[in-house]
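Note that the protein sequences, when read in sequence, are chains V, Z, E and P.
Under the numbering used here, think of the first position of the first sequence as 26, with each following residue one higher.
Under the numbering used here, think of the first position of the second sequence as 26, with each following residue one higher.
Under the numbering used here, think of the first position of the third sequence as 26, with each following residue one higher.
Under the numbering used here, think of the first position of the fourth sequence as 26, with each following residue one higher.
We put the CB at the ideal spot given by N, CA and C, even for glycine.
Because the structure is a prediction, the values reported are computed rather than measured.
Step one of this worksheet: look at the structure below.
There are 4 protein chains.
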Amino acid sequence: MKRIHLQGGTVVNSGSSVVADVLIEDGCVVAIGKNLVVEDAEAIDCAGRYVMPGGVDVHTHLDAPMMNTKTADDFASGTRAAAVGGTTTIVDFALQAKGQKLEDALNGWHQKAIDKCAIDYGFHVAITDLYDGAIADIEGLVRSGVTSMKIYMAYKGAIMLDDGEMYEVLRESGRLGAKTCVHAENGDVIDRISANLVASGKTGPENHALSRPPATEVEAVNRAIAVSRIADAPIYFVHLSTGGATEAVAEAQLNGWPVAGETCTHYLTLGPDLYDLPDFEAAKAVLTPPLRDSNHQEALWRGLNNGTLGIVSSDHCPFCFVGQKDLGRHDFRAIPNGGAGIEDRMRVMYGTGVAGGRISLEQFVALTSTNPAKSFGMFPTKGFVGIGADADIIVLDPAATTHISAATQHQALDYNLWEGWTLPGAITHVFSRGELIASNGRFVGREGHGNYLARSAV
Amino acid sequence: MKRIHLQGGTVVNSGSSVVADVLIEDGCVVAIGKNLVVEDAEAIDCAGRYVMPGGVDVHTHLDAPMMNTKTADDFASGTRAAAVGGTTTIVDFALQAKGQKLEDALNGWHQKAIDKCAIDYGFHVAITDLYDGAIADIEGLVRSGVTSMKIYMAYKGAIMLDDGEMYEVLRESGRLGAKTCVHAENGDVIDRISANLVASGKTGPENHALSRPPATEVEAVNRAIAVSRIADAPIYFVHLSTGGATEAVAEAQLNGWPVAGETCTHYLTLGPDLYDLPDFEAAKAVLTPPLRDSNHQEALWRGLNNGTLGIVSSDHCPFCFVGQKDLGRHDFRAIPNGGAGIEDRMRVMYGTGVAGGRISLEQFVALTSTNPAKSFGMFPTKGFVGIGADADIIVLDPAATTHISAATQHQALDYNLWEGWTLPGAITHVFSRGELIASNGRFVGREGHGNYLARSAV
Amino acid sequence: MKRIHLQGGTVVNSGSSVVADVLIEDGCVVAIGKNLVVEDAEAIDCAGRYVMPGGVDVHTHLDAPMMNTKTADDFASGTRAAAVGGTTTIVDFALQAKGQKLEDALNGWHQKAIDKCAIDYGFHVAITDLYDGAIADIEGLVRSGVTSMKIYMAYKGAIMLDDGEMYEVLRESGRLGAKTCVHAENGDVIDRISANLVASGKTGPENHALSRPPATEVEAVNRAIAVSRIADAPIYFVHLSTGGATEAVAEAQLNGWPVAGETCTHYLTLGPDLYDLPDFEAAKAVLTPPLRDSNHQEALWRGLNNGTLGIVSSDHCPFCFVGQKDLGRHDFRAIPNGGAGIEDRMRVMYGTGVAGGRISLEQFVALTSTNPAKSFGMFPTKGFVGIGADADIIVLDPAATTHISAATQHQALDYNLWEGWTLPGAITHVFSRGELIASNGRFVGREGHGNYLARSAV
Amino acid sequence: MKRIHLQGGTVVNSGSSVVADVLIEDGCVVAIGKNLVVEDAEAIDCAGRYVMPGGVDVHTHLDAPMMNTKTADDFASGTRAAAVGGTTTIVDFALQAKGQKLEDALNGWHQKAIDKCAIDYGFHVAITDLYDGAIADIEGLVRSGVTSMKIYMAYKGAIMLDDGEMYEVLRESGRLGAKTCVHAENGDVIDRISANLVASGKTGPENHALSRPPATEVEAVNRAIAVSRIADAPIYFVHLSTGGATEAVAEAQLNGWPVAGETCTHYLTLGPDLYDLPDFEAAKAVLTPPLRDSNHQEALWRGLNNGTLGIVSSDHCPFCFVGQKDLGRHDFRAIPNGGAGIEDRMRVMYGTGVAGGRISLEQFVALTSTNPAKSFGMFPTKGFVGIGADADIIVLDPAATTHISAATQHQALDYNLWEGWTLPGAITHVFSRGELIASNGRFVGREGHGNYLARSAV
């Protein structure tokens, strides 16, 4: 029986911070107290440090085929990077291929992940082809612990569902207590704007942002909310990037409707100046929706603060600049859409959010760990430093700093969007179920440690 | 030179009512005055009566192939009925067939109308198939006086455009100073709800209303407004039936956006109790959107009063109960969608609106005549009793009454939705360009009197 | 029997413009027509000019004691200036003195005006002291043609009523079909901000604007609307200056509530840069509410265009720079609050609005003449070039220009807020009941021509 | 060193529920853990029970002179009742008398409370007379731990401040990091409506509700928010009773403004049918604002659920039916306004909220304990079962029930608004700083145990 004694840190949960010891036994938290007297335990001095739940990242795309290529991280490299960055749980999107049964899509993703993961993991299933009987097959997913589906309102001809199909997924998921995650952009309008841009010779990566104006997100969010009301089902918006979308979610919540939304690290901290980079480097920031200006950034921070947006995810969807992004060198529409951040999310949110004075420590924990765990059926096992919870714990030293660079990252990527940033705060220890898996930026865990998480319905 | 002297009536325009004589010469109004001294004119005593501009109905479907049949009125019977009902101008929807060029669609409609019409007429073109080059062909339509297009957000596989196509039509029409009329319903969701109803054995006509809940209209209106903003183009919603849609239009107008909307006679005056009729008679009220409850009716009247909705049209789209509506006896989805009203609109709006105390006389003129003429490029030729305007004039006796019945109507239809209603007010004279074409409910005009109206862009 | 024949002008009303002759007989319009054949009439060639209803200015303060002085224009000079500027009707505010009966206040104002006015005039009564029985005395005012009251939400200790008193005035006026005009500013907060500014040594005229931030108007408008709803009575806001107030009025109107508002010439065309004038000259622009920045100006123009604000008045409340404004040289709170504009309103609105492309000719007529006449019980006698209306008519030459300067104005004032402006358009003729009272900037009428207008309740 | 060992209960905080032991030492929580091994402690079996933070009631009026009488509970009886009802902290309103210095008002309240209280207590100061220098005196209050002021927008001539005075209190409190609590009703309008009711012979207690329509609260809330924005200060609304007020607070929060609000037990659970009670018994429910209909109740519950309203207080303001309420037998305006609930709040909220399925257990803790402690500068000492917190803890048995009756209550009152209600759940133990002060509905604490709480500024 392995015991770890975290001594004298400030234990931070989403609703409180107390100076206390934490005792871990058999991978779980078993006691929290003042100056606990513990025998036979490995003692770690946490004085002056924050002891917090490990990150829960509910939006990742590992080993995922997209746009004629595949995301650059598989479950080994991706979860290793997550671990180093302080994230101890992910929920990845299993993407149904055209013609594939939902169960087969899920099984395929299990094969990708098994024996590879450094941390615990769950799956959403992204429904892209509503074959006859697909709706009936959702129940099997939910029974196996996949309690959230995803649908796309963009990318027609590839993975987009129409509004009627979205209605059916919402209705059945709602009936089963499962959540429907929605990529909300008006794909039809975007496809037209994009085609017009290309037709007029505007093929460079900077046109990506022009092709997806804020209104294309806001419209889709409003529409999806309306459809969710007709279907009488909860809805969750992934990667919101605009003030208008945030307001739409807020208005819905005021009506008491089960509408929720996440934003991502990059929408909060990076702006459209990246699209001004020369030499095709703007392609590094070709992710969807695109980066927005500071008005939108401010609106998103305000949305985090007033509770409209409860979750910050990474939307980790990495493509290398060389060999992947350049597929679209002659037509921005062919640039694989996506950015990385599974390793950066916790650091950037602590450094810009907490140290930057925009959110409290407790909000940081809520947004990066507790809320995603609660929203996706993993609390209090995950997202919590409390009695009975998994000892997925990070120790953060507020007096140290973290430097971000592609040269030192664990993400299998040849660039980093926050290249050269030095941020206040450093994560010194990362525990997954009581095992130390990362230490001061080094990975010390192992492939295959991570378990599949069957998640609860609501 | 023919002269008519309307003596001593109350001349009502959208902004004023005065007791005055009106002198008509060569089909136009040439003088208005107190006790005009006129020689060589046919004098008509209008004392105690209202002298008003003839109705302008901008939403009719004559001789139109739809849902495996054709609307019951052609341009002869339809415009005759219009004339008797006090309407002196219509704008009909030329419906593009699949694969047809826009110009050919328009020409086909010209063939249907020419030499048939009792009153002047113009055309919108409903774009249903965005073939390569379709967008470029819009300019030709506008040049020939078709300054408004229509698109459908419902009826996928038949006439619906997707949002990207809608965007293109809006953008080009806006560029040309033309208006885009939109049938706003979320067809994809409606098709799913409808299929689910039929799959569960709910095939009767009363299910039509269940399959198109108010939210399907409100959503589509919000979406189309959003797309119109991206396209930077004006938009006009046909046949709005819900409070939510009215509010959406109002909010847009407050922002200063060029967003407008009409409602129809039946949404203001008929309710969903018609769907309770037995023996398939509910099919008579299968029109789209369906009739709504009194909350929506009140919201629409309020929208007329606060200026949000500026036009009341008939959406005249007649199908006989016997031989047409019964195509859907075993599946409500196959019932031809539409109701009649080209003959009833002015009577019902005067009787329920003015006599019923809901709108003023001047609002009546604005909603049924002046506003549609202004909005669709026909003012001040039409919609106006003023110097230089066409003498399209009705005389209404407020002391008389009008009885509505299928037995006496001029619409080529075997039923009437207002069957048995007796309304205050009777139209005693209808002039088209100075010619008397209807008198006390009798048609006294002639086929072919009506001219095509090339309308202005804005 | 005097007859005037205005030939070939463009006759503009709020809803139409037609090229036509206008025949005036015995002070009224008796015929409008194409090439009228008229004998024994004075013919005036109006070709290429606009023939429009004379201005109706429903917000003036003539011969009014205020802030230890009196407004600089009496009814003689004020109405002469109005006439030259194209305004043919005013409604002035009879201001109740402390302890004075309402009837006596009104009679006092009758004495000021009688035999002095160059144009027709009516009165509102401003209720400033709700003595016992005051509410019961309102009915007498209404019977004598004063169908609108005014109350102030600012200037405590002088003329302000509290919310309970406002409620009583609203309730009784509403019961009688009379309107309540409201000066909406939170006077209590303003007094505190002002006192704090002075206490901290900020005594200059530029502090006037700081002491009355936009929110003090918006709050008061929202409050007054709420109180009007409790009282179930119509409400009319004078001199709105902010976007927020405009939105509040708009939202109320969407609910179908009888809420209306005016703005003034200066809020549309002048900005806060005037408060930067040196040498106490900023005091010239010390009017209430203060001038606002361009965001507010744009919101007001938008409000005019979308129908939220239906009236533009002058709020003519003149105080000379020398001898009056300088009463507050050492404390901005003692500067008499007010600006002039009775002579400038029509010129500035035509020049900036119509010629400036912001409003149509017909909107110009509506905002400056027809709407105020309709709203305050004077239509169709005033505000209309139509059969039976008073021949209060202006002729405007769009090809000429007008220069504004204190040196040439008829207002009894030593400065002009639009000093040095040259505007497109010149009013060449002004008729009051068929008599020419101004011609190309010269007054040719006479004192005492103007009659008192007993106005209708609604 | 006294130690208490709460064994095996479900420890509920605002963000989590875990089965765990709690160890109390020297009045504080020192450890929480699975099966803690503890020596020398009093063990209490909590299996199957909830171990939760004691209630924090931030709105009470004990020993308070009002309306020619005094509230029926003093600090002895009031805090005893609180203790039995599961409340372990109150913040009472020290009410400034006319002419009294703020410091003296506070000292007077200290005298009332000292050596009397069964539980810990703090004070707000209600500012009712803004004497010269009052604003400067606020800082002294804050320094002594009174970090919240209160002002009244009703009761003119007694305790009401005008908007300018409210502005000054907000501004200074905001500057000092203190909160301004606002009683938001438009007193001026209410006084007029009340006087009109009485003048027309409507003097019975049921008229109390008519005299304070929902709009009088909504208006005042909107106004106070506007004034708080001008003052750039946080604002907190006491006893919100309407849907409209809740929406106003929600809209403000969406803007990111520091606006918060509480509602009270009775607004959530009692309706206006109490005003139909015969024989003057309606006077029992004469509290301010009055009880509202179910639409408002639903809106308040929705406000609790979507986070708009974060606190439920009792607004304990008790007056006996005999000898106090009957002061207004002939004029409802003289009925002392107020109801009781210091003893009932926790029971009713658990029974109707948690057991009734309207809120979760964790929300119950948040609303009745954690949030008030956080909002008013007492967290984590109060409102928390966590390491280092005061051991103010209740144990609740969900399988038992509680019966409410005046016959058995500890409130010094001759009636109870929830008379005869039997509610799921019973509080079996109440600890204040580790001492058992109530047990199964019996008071076992002592007068004088309670300490004054100097609260933190924000």
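Chain V contact residues for residue i, given Cβ-Cβ distances below 7 Å
i, result
"Z/G189", "D213, V214, D216 and R217"
Per DSSP, the bridge partner or partners of residue i
i, result
"Z/T491", "The question about residue 491 of chain Z has no answer, for chain Z in this structure spans 26 to 483."
"P/R15", "Coverage of chain P is limited to positions 26 through 483, which leaves residue 15 of chain P absent and any answer about it impossible."
"E/Q436", "BP columns for E/Q436 are empty, so no partner."
"P/F262", "P/V207 and P/G286"
"Z/M91", "Z/T94"
"P/L31", "P/V47 and P/I69"
"E/Y551", "No statement about residue 551 of chain E is possible, as the shown extent of chain E runs from 26 to 483 and does not include it."
The beta strand (DSSP E) enclosing residue i, as first and last residue numbers
i, result
"E/K175", "S173 to Y177"
"P/I69", "E67 to D70"
"E/D145", "D145 to A151"
"P/P78", "Y75 to P78"
"P/D46", "S42 to E50"
"V/V455", "T447 to S457"
Residue range of the unbroken alpha helix (DSSP H) whose run includes residue i
i, result
"Z/T271", "G268 to L279"
"Z/R105", "F100 to V109"
Under 9 Å from the C-beta of residue i: neighbouring residues of chain E
i, result
"P/N320", "By Cβ distance, chain E contributes nothing, its closest Cβ being about 17 Å from P/N320, past 9 Å."
Where residue i meets chain E, residues with beta-carbon distance less than 8 Å
i, result
"Z/K95", "Per Cβ cutoff of 8 Å: no residues; Z/K95 is ~39 Å from chain E at best."
"P/Y6", "Only positions 26 to 483 of chain P appear in the structure, and residue 6 of chain P is not among them; the question remains open."
"Z/P449", "Per Cβ cutoff of 8 Å: no residues; Z/P449 is ~24 Å from chain E at best."
Cβ-heavy atom distance, residue i to the ligand ADP, below 8 Å
i, result
"V/N232", "You won't find the ligand ADP in this model; it holds no ligand whatsoever."
Contacts that residue i makes with chain Z (C-beta to C-beta distance below 7 Å)
i, result
"V/E193", "R217"
Within chain V, partners of residue i - CB distance below 9 Å
i, result
"P/A68", "Under the 9 Å cutoff, chain V gives no residues; its nearest Cβ is about 17 Å from P/A68."
"P/K485", "What the structure shows of chain P is the stretch from 26 to 483, and residue 485 of chain P is not part of that stretch, so it cannot be assessed."
Beta-carbon neighbours of residue i, restricted to chain Z and to distances below 9 Å
i, result
"V/I255", "N211, V214, I218, P238, A240, T241 and E244"
Partners in chain P for residue i, counting only beta-carbon separations shorter than 9 Å
i, result
"V/R327", "L279, N280 and G281"
Chain-ordered neighbours of residue i on chain Z, where CB pairs are closer than 8 Å
i, result
"E/F389", "Per Cβ cutoff of 8 Å: no residues; E/F389 is ~14 Å from chain Z at best."
Cross-chain neighbours of residue i in chain V, by beta carbon under 8 Å
i, result
"P/A275", "L279"
Which runs of the beta strand (DSSP E) at least 3 residues long sit entirely within the segment 314-366 of chain E? Give them in chain order. Runs found: 336-338.
Mind pulling the beta strand (DSSP E) runs of 3 or more residues that sit fully within the segment 358-431 of chain E? Taking only runs of at least 3 residues, the beta strand (DSSP E) segments lying wholly in the segment 358-431 of chain E are 418-428.
At 3 residues or longer, what runs of the beta strand (DSSP E) sit wholly inside the segment 185-222 of chain P? The segment 185-222 of chain P contains these whole beta strand (DSSP E) runs: 204-208.
Taking a cut of 8 Å between CB atoms, which residues from the segment 242-253 of chain P lie near chain E? For the segment 242-253 of chain P, the set of residues with a beta-carbon nearer than 8 Å to any beta-carbon of chain E comprises V243, E244, N247, R248, A251 and V252, in chain order.
Under 9 Å (Cβ pairs) to chain E, residues found in the segment 37-50 of chain Z: Of all residues in the segment 37-50 of chain Z, only N38, S39, G40, S41, S42, V43, V44, A45, D46, L48 and E50 come within less than 9 Å of chain E when Cβ atoms are compared, listed by chain position.
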